[in-house]
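Engineer:
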Amino acid sequence: MSTVAQVFKETARRMTHDLRHRSWIQNALGKYYVGRDEKKARFQNWQEARQAAAEIKWDAVNHLDKYLEQFVSKIEARGTKVFWASTGQQACDYIVGVAKKHRVRSIVKSKAMTGEEIHLAQALEKSGVEVVETDLGEYIVQLREEAPYHIVFPAMHLTRHEISDLFNKKLGSAPTDSPEELTMIARRTLRKKYCAADMGISGANFAIAETGMISLTTNEGNGRLSTSLPRIHVALIGIEKVLPTLDDLALFLPMLATAGAAQAVSCYNTFIAGPRQEREPDGPDEFHVVLLDNGRTRLLADAEQRDTLHCIRCGGCLNVCPIYKNIGGHSYATTYMGPIGSVLTPHMRGLTEWKHLSFASSLCGACTEACPVKIDLHHHLLQNRRNAIRCKSPWWEKLIFQGFVTLMNHPLLYRLGVKLGWFGQKFHGLVKGTKLDPVYAWTQSRELPPLARNSFKDYWRRKQS
Amino acid sequence: MSEREQILGRIREALRVAAPKPGLLSGPGQRVPPHEKRPTDFRPWLPVVGDSFEERAALFAKNSAELKTDFQLVANRDELQTKLLALAHAEGWKKIATHAGELTNYAFAALGLPVVQTGGRYKLDELESSDAGITECDALVAQTGSVVVTTRSAGGRALSVLPPHHVVLARRDQLLRDLPAAFTALKQRYGSSYPSMMCLITGPSRTGDIERILVLGAHGPKKLTIFCM
Amino acid sequence: MKISLFIPCFIDACYPQVGISMVKVLERLGHQVEYPEDFTCCGQPAFNSGYWDEARAVAEKVLAMYRSAEIIVGVSGSCGAMMMTFYKELFHGTPLEAEAKAHAAKVWEFSDFLVTKLGVTDVGAKFPAKVTFHDGCHGLREVGLKKQPRALLAKVQGLELIEMDAAESCCGFGGTFSVKFPMISTAMGEVKCDSALKTKADYIVSCDSSCLMHIQGLADRQKKPLRTMHLAEVLAKQ
Ligand code: SF4
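Residue numbers (the numbering used here), protein chains in the order written: chain A, 1 to 465; chain B, 466 to 694; chain C, 695 to 932.
Below you can see the structure in the form of C-alpha cells.
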C-alpha cells in the first residue's frame, strides 16, 4: 500500500470516530438539502436541464480545440494577454513573472481551485509577494494555514468559536460569537487589502468562446472587487472551462447555484471581457488569462472518462457523499475532494499511488445523481478500480478472486463450500473479532450472519422431489 | 513549437477517439431521451415566468424579498425623489457616489448631497468612503431577481460594489422576463463591442462561510435597493 | 408467464427464507417458477473490486444459464442492478455485448416485477408491525425502486410504514468496500441505524439483504434494538 493510502486510512479512521465532526457536518448540510430541493423544484424539468447541460458540455469538451481558439482570439482582440501553460510550474512561473515585472507587492485572490491545484499562492509568496485569499472561508483556512475543507465551503468544518479565536490570535480582534461580527472583522481587514493590492487573481467558472469572456461566480463580491480595483488582473483557467455561447449561461448559472449552494443564482455572476477599455473609468490596465492544461489533455485522451472534464466544480457531489460526510474534506489530502476528487486524482497524480480513493466508495451513486452535468461518477470509480487492478493487483487478492471464479463456476464445489462453511462456522467463535479471524475486517465492528443449515438450493431440491 | 500549438496538438490527438454521448448510463429516475442537437432554448426547463409586466413585477418582488433586496415600484419622478430623500435621511447619508445618466443625474440633483462622480478617473478612497453608490442598469431579470449592470451602464466596475449601499434606478421597460432575455438584450445593445465587465447582481453581497449562517455584506454592499419607475 | 428466478449467492447460503418467501408470493399469485440450480453468483464482488476479467468469467455462465429464460426475477436490487446495468459495461466491446443487453432487458427486481410488470400491489399479506423502509442504493438509483416497494407495503394488512430521515442515503455496505474500509463503512452504518432508531419502528425493511446484513450485523454488535426483514419476507406473511 502506498504511504498516501496509509495516511488516508489512518485519517479516515480518526475522523469516522469523531462524532462531533459527524453531527457537525450533517447539520451543516441539512439546511443545504432542503434549500437545494426547493430550488430544484422551481425548474420546470430538472432532469431535462441536466441532460441539456451535459450535452452542451459534451459539445464543448469534444470540440475543445475549436472553442478554445475562438475564445482566445476574441478575448485577445480586446487587449487581453493569453498564456498557455502545459504544466502548473509554467503557469506559476508566468504569473510570478508578471508580478515581478510590475513590481507587485500585494495580491488579492478570489477563490480559484486551479490556484490550489498548482500551489500558486505558495509560489508567489516564495517570490516575496503577499497573497491574501479574499473569499471568507478561504481567508479563514489561509489564516489557519490549512487546506480548504470543501471546494465551495472551505471553512465548513469550523465553529464560530474556532474562527473567533483565530481572528483574535491573528488579527487581534475582540472575541465574539456572532457570525455577523466575525464577517465584519474580515470585511474591514480585507477592504484595506483590496484597496492596496496591485494585482488581483481569480479563476473562472466558465470561459465563453462566442464572446471571449470569462464568467466568475461569487456570493461575497470578492470576485468583483479583486477584478475591479487592482491594476492587474490574472485569471487562471483550466482549459476545460469553455462554453460555446453566452446564452448557455442562462442554463448553467442557475444550475451551478442550485446544485452547489442551494441558491437560484449566485449573488455576483461577473463576465469579464478584457482589461479596462477606452472611456471606461476603472478596471485593471492589464488582464492576463492563463490557460492551464496540467494533465487535462491526458484526461481528454481517455474517452471513457472524458466527461469528467464537464465538471463545473459545484461541489454538489461532495455534499451528498456519505464517505465525504464521514471522513471530512481533509482526509483526502487532495485539491479536489469527494467523489469528483476520487475520480480525478488518480488521473492527475498517478493511479498507483492514489487508487485507494476510487476504492473508498460504496458506489451508492448519490454523487452521479447529484451532478448537474451528469458525470457518471460512480461508473468512473469502477473503471479506475478496473484500471488499477489491470496494472497491478495484490497477489493474494488475485488468488481470492480466482478462487471465487472456480467456486462460482462449479455449482457442486460451491455447494460443498457452503456446507463446509456451515460446519466450519461452529469454530468461528474461538477467533471471532480477533486478529486471527479470517473475516476480521468484517467482524471487528459487525456480527456476521450465520450460514443457514439448509440453503435455498436445499429447499428447492426438496420442493422439486 | 509554441506551448499553444503543443496543447492544441494534444487536444486534437486526444479527440481522435470519440467519447460516448452523455446520459447513456443514467439510472431510470434520471434518464431522459437525448436531444438530437445540443439544445439552445432552455426556457422549457427553467423556472416559469409570466408574460405580463404585472406578473414579472410580482415575481421580481417575490425574489427580492427572498434575497433581501429592497425592491420598490415608483410611479414618477416625484415619488422617486420622496423615496430617495427618505432613504438618505433614514440612513444618514453624507456623501453619495454616482455616474452621469438620465436617472442618476436627476437623483443626485434631488438629493443635494456631496457627490463622487465615477464618469472619469476618480479617487478610490473617495468612492470607498461614500455612503451609497447610485447607478442605472441594463436590465432587471424577473426570473431570478437580478440586476444586470455593465461598466457602461453603471459607472464603471467599482461603483456598484464598493459603497455599502447600492441603489439601482431602473425603468419599467427594463424589467425582463428571464435570463435568456437578459443575454439577448446584452447582445442587442452592445453588438460585439462589449463593456469589459458585465455583471448579474442578485441580492446584496452575502456569505454563509461561518457555520452556513447567512450574513449580508461580506465584501460588497450590505444593502441593495432597486427603484423601478 | 414462465418466471426464472435468480437467488444471489449470499441469499442462498445465509438468508434462504428470503428466496423461499419470494417463491411463496409468486406461487400465491398463481405463477409458475423455475430455478436454474446451477446459478451461484452474478459476479458483482469481483466486478466491484476491479477484477473485471474474473467477473466476466462468472457472468458469462450466467448469461448462458438464462439464455432461454423469458423473464428473470431476482430478490436483490443490487444483484439485479449488476445484471441490468453493469453487465452492459462489463461486456462492452466484447462479443457478448448484445447478449448482455438482451439479458438485461429480461431481468426484474422482485418488487418492481410485482408492481410494474404484473400490476399487483396487494399480495394478500398481513403483518401487524411498524416498519421503516431503507432504499438500497442500487435498487433506488440503478433499478428505480422507490414507489414500488412502498406501494406493496401500503397494502400489507396491519402494517404501518414510518419513513426515516435520509432513507435514501447509503447504509455503508458497498460490497468489498465494507471490508476494505471497515471504519468508513461502519460509520455510515451507524448513521443509518440512528435514523432508523428515531422512527421507533419494529423493523427495517429493504429490497436488499446485503444492506440488511450490514445494518443488522452492526446493530447486533452495538446492541441496538433493531431488527431487519427483507420485503419478500414481509409480503409472504399471512
Ligand atoms: S462532478 Fe458534478 S457534482 Fe461534482 S463538483 Fe463536478 S459538476 Fe459538481
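Glycine is no exception: its CB is placed at the ideal position from the N, C-alpha and C atoms.
Apply the 10 Å Cβ neighbour rule to V343 (chain A) and answer buried if 16 or more other Cβ atoms are within range, or exposed otherwise.
Structural biologist: Here residue 343 (chain A) corresponds to residue number 343 of the first sequence, with the count starting at 1. It counts as buried.
Engineer: Is T211 (chain A) buried or exposed, if buried means 16 or more other CB atoms sit within 10 Å of its CB?
Structural biologist: Locating residue 211 (chain A) in the first sequence gives position 211, where the first residue counts as 1. Answer is buried; the Cβ neighbour count reaches 16.
Engineer: Work out the CA separation of K688 (chain B) and H554 (chain B) for me, nearest whole Å.
Structural biologist: Reading the second sequence from its first residue, position 89 is the one you call residue 554 (chain B). Reading the second sequence from its first residue, position 223 is the one you call residue 688 (chain B). Approximately 15 Å, taken between the alpha carbons.
Engineer: Within 7 Å (strictly less), CB to CB, does D376 (chain A) reach chain B?
Structural biologist: If you number the first sequence from 1, residue 376 (chain A) lands on position 376. Yes, contact with chain B.
Engineer: Report all residues from its chain with a CB closer than 8 Å to the CB of K811 (chain C); omit the five preceding and five following residues, and keep chain order.
Structural biologist: Looking up residue 811 (chain C) in the third sequence gives position 117. Result list for K811 (chain C): I765 and W802, in chain order.
Engineer: List the residues that DSSP assigns as beta-bridge partners of M337 (chain A).
Structural biologist: For the purposes of this step, residue 337 (chain A) is taken as residue 337 along the first sequence, with counting starting at 1. None; M337 (chain A) has no bridge partner.
Engineer: Kindly list the residues whose CB is nearer than 8 Å to the CB of Y440 (chain A), restricted to its own chain and excluding five residues on each side of it in sequence; keep chain order.
Structural biologist: Residue 440 (chain A) sits at position 440 when you count from the first residue of the first sequence. Cβ within range, chain order: G433 and T434.
Engineer: Please name the residue, chosen from A:I239, A:G429 and A:R224, that lies closest to F271 (chain A) on a Cα-to-Cα basis.
Structural biologist: Numbered from its first residue, the first sequence carries residue 271 (chain A) at position 271. Closest by alpha carbon: A:R224.
Engineer: Inspect the CB distances between the segment 596 to 615 of chain B and the segment 522 to 531 of chain B and report whether three or more fall short of 8 Å.
Structural biologist: Yes, since at least three Cβ pairs between the segment 596 to 615 of chain B and the segment 522 to 531 of chain B fall closer than 8 Å, the two stretches touch.
Engineer: When Cβ atoms are compared, which residues of the segment 629 to 654 of chain B fall closer than 8 Å to chain A?
Structural biologist: Against chain A - using a Cβ distance shorter than 8 Å - the residues of the segment 629 to 654 of chain B are D643, L644, P645, A647, F648, T649, L651 and K652.
Engineer: Is it buried or exposed for A174 (chain A), if we count other Cβ within 10 angstroms and need 16 for buried?
Structural biologist: Counting from 1 along the first sequence, the entry for residue 174 (chain A) is found at position 174. Exposed is the call here.
Engineer: From the DSSP output, in three-state form, read off R521 (chain B) for me.
Structural biologist: What you label residue 521 (chain B) is simply residue 56 of the second sequence in a count that begins at 1. Here R521 (chain B) sits in helix by DSSP.
Engineer: Can you name the residues of chain A whose CB is closer than 9 Å to the CB of L912 (chain C)?
Structural biologist: Translated into the one-based positions of the third sequence, residue 912 (chain C) becomes position 218. Those are S445, R446 and E447, listed as they occur along chain A.
Engineer: Can you give me the C-alpha to C-alpha distance between Y414 (chain A) and I705 (chain C), rounded to a whole angstrom?
Structural biologist: In the first sequence, residue 414 (chain A) corresponds to position 414, counting from 1. In the third sequence, residue 705 (chain C) corresponds to position 11, counting from 1. Approximately 14 Å between the Cα atoms of the pair.
Engineer: Find the residues of chain B that neighbour C391 (chain A), judging by a C-beta separation of less than 7 Å, and give them in chain order.
Structural biologist: Along the first sequence, read from residue 1 onward, the residue named residue 391 (chain A) stands at position 391. Here the premise fails: no neighbours, minimum Cβ distance about 20 Å.
Engineer: At a cut-off of 6 Å, would you count R313 (chain A) as near the ligand SF4, judging by its Cβ distance to the nearest heavy atom?
Structural biologist: As a position in the first sequence, residue 313 (chain A) is number 313, starting the count at 1. R313 (chain A) Cβ: within cutoff of the ligand SF4.
Engineer: The beta strand (DSSP E) spanning T615 (chain B) covers which residue range?
Structural biologist: Translated into the one-based positions of the second sequence, residue 615 (chain B) becomes position 150. First-last of the beta strand (DSSP E) with T615 (chain B): S611 to T615.
Engineer: Say yes only if the C-beta of G682 (chain B) is nearer than 6 Å to one or more non-hydrogen atoms of the ligand SF4, and no if none qualify.
Structural biologist: Counting from one through the second sequence, the residue named residue 682 (chain B) turns up at place 217. Answer for G682 (chain B): no, Cβ out of range of the ligand SF4.
Engineer: Ignore the nearest five residues each way along the sequence and tell me which others in Y781 (chain C)'s own chain have a CB closer than 7 Å to its CB.
Structural biologist: The residue given as residue 781 (chain C) occupies position 87 in the third sequence. For Y781 (chain C), where only same-chain residues beyond five positions count, the Cβ hits under 7 Å are A753, A794, H797 and A798.
Engineer: Is G203 (chain A) close to the ligand SF4? I mean its beta-carbon at under 6 Å from any heavy atom of the ligand.
Structural biologist: On the first sequence, position 203 is the one that residue 203 (chain A) refers to. Result no, Cβ not under 6 Å from the ligand SF4.
Engineer: For H17 (chain A), count neighbouring C-beta atoms within 10 Å of its own C-beta (all shown protein chains included) and say buried if the count is 16 or more, exposed if not.
Structural biologist: Residue mapping note: residue 17 (chain A) aligns to position 17 of the first sequence, counting from 1. Exposed: under 16 other Cβ atoms inside 10 Å.
Engineer: For the structure I just gave you, are there three or more beta carbon pairs, one from the segment 708 to 725 of chain C and one from the segment 448 to 462 of chain A, closer than 8 Å?
Structural biologist: Taking 8 Å as the limit for Cβ pairs, the verdict is that the segment 448 to 462 of chain A does touch the segment 708 to 725 of chain C.
Engineer: With a threshold of 16 other CB atoms inside 10 Å of the CB of N319 (chain A), please say whether the residue is buried or exposed.
Structural biologist: For the purposes of this step, residue 319 (chain A) is taken as residue 319 along the first sequence, with counting starting at 1. With 16 or more Cβ atoms within 10 Å of its Cβ, N319 (chain A) is classed as buried.
Engineer: For the segment 489 to 504 of chain B, enumerate the residues whose C-beta is nearer than 7 Å to any C-beta of chain C, in chain order.
Structural biologist: Taking 7 Å as the Cβ-Cβ cut-off against chain C, the residues of the segment 489 to 504 of chain B that qualify are G492, P493 and G494.
Engineer: What do you get for D248 (chain A), buried or exposed, if any count of 16 or more other CB atoms within 10 angstroms of its CB means buried?
Structural biologist: If you number the first sequence from 1, residue 248 (chain A) lands on position 248. Label assigned to D248 (chain A): buried.
Engineer: Based on the DSSP output, what are the partners of D535 (chain B) in its beta bridges?
Structural biologist: As a first step, residue 535 (chain B) is located in the second sequence; it is residue number 70 there, counting from the start. The partner list for D535 (chain B) (beta bridge, DSSP) reads B:T690.
Engineer: In the DSSP assignment, what are the bridge partners of W395 (chain A)?
Structural biologist: Position 395 of the first sequence, counted from the first residue, corresponds to residue 395 (chain A). DSSP output for W395 (chain A) lists no bridge partner at all.
Engineer: From which residue to which residue does the beta strand (DSSP E) around I208 (chain A) run?
Structural biologist: Taking the first sequence and counting its residues from 1, the one referred to as residue 208 (chain A) is at position 208. Taken as a continuous stretch (DSSP letters only), the beta strand (DSSP E) holding I208 (chain A) covers F206 to I208.
Engineer: So the candidates are B:E478, B:E593 and B:T547; which of them puts its Cα closest to the Cα of F573 (chain B)?
Structural biologist: For this step, residue 573 (chain B) is matched to residue 108 along the second sequence. Comparing Cα-Cα distances from F573 (chain B) to each of B:E478, B:E593 and B:T547, the minimum goes to B:T547.
Engineer: Taking Cβ positions only, does D516 (chain B) come closer than 7 Å to chain A?
Structural biologist: Residue numbering aside, residue 516 (chain B) sits at position 51 when the second sequence is read from its first letter. Taking Cβ atoms only, chain A never reaches closer than 7 Å to D516 (chain B), which makes this a no.
Engineer: Going straight from the alpha carbon of D596 (chain B) to that of S106 (chain A), what length do you get?
Structural biologist: Along the second sequence, read from residue 1 onward, the residue named residue 596 (chain B) stands at position 131. Along the first sequence, read from residue 1 onward, the residue named residue 106 (chain A) stands at position 106. Cα-Cα distance, rounded: 27 Å.
Engineer: Buried or exposed for A77 (chain A), please, with buried defined as at least 16 other CB atoms from any protein chain shown within 10 angstroms of its CB.
Structural biologist: Position 77 of the first sequence holds residue 77 (chain A). Looking at its Cβ environment, which holds fewer than 16 other Cβ atoms inside 10 Å, A77 (chain A) is exposed.
Engineer: Considering just the uninterrupted stretch of the alpha helix (DSSP H) at H161 (chain A), what are its terminal residues?
Structural biologist: The residue labelled residue 161 (chain A) in the question sits at position 161 within the first sequence. Where H161 (chain A) is concerned, the enclosing alpha helix (DSSP H) stretches over R160 to L171.
Engineer: Would you mind working out which of A:A262, A:A452, A:D198 and A:G200 sits nearest N219 (chain A), comparing C-alpha positions?
Structural biologist: Walking along the first sequence from the start, residue 219 (chain A) turns up at place 219. Of the candidates A:A262, A:A452, A:D198 and A:G200, the one whose C-alpha sits nearest the C-alpha of N219 (chain A) is A:A262.
Engineer: Could you name the residues that DSSP lists as bridge partners for M199 (chain A)?
Structural biologist: Reading the first sequence from its first residue, position 199 is the one you call residue 199 (chain A). Paired residues: A:I107 and A:I232.
Engineer: If you measure from the beta carbon of E748 (chain C) to each beta carbon in chain A, is any gap under 7 Å?
Structural biologist: Start at 1 with the first residue of the third sequence, and residue 748 (chain C) comes out as number 54. Yes - at least one Cβ of chain A is within 7 Å of the one on E748 (chain C).
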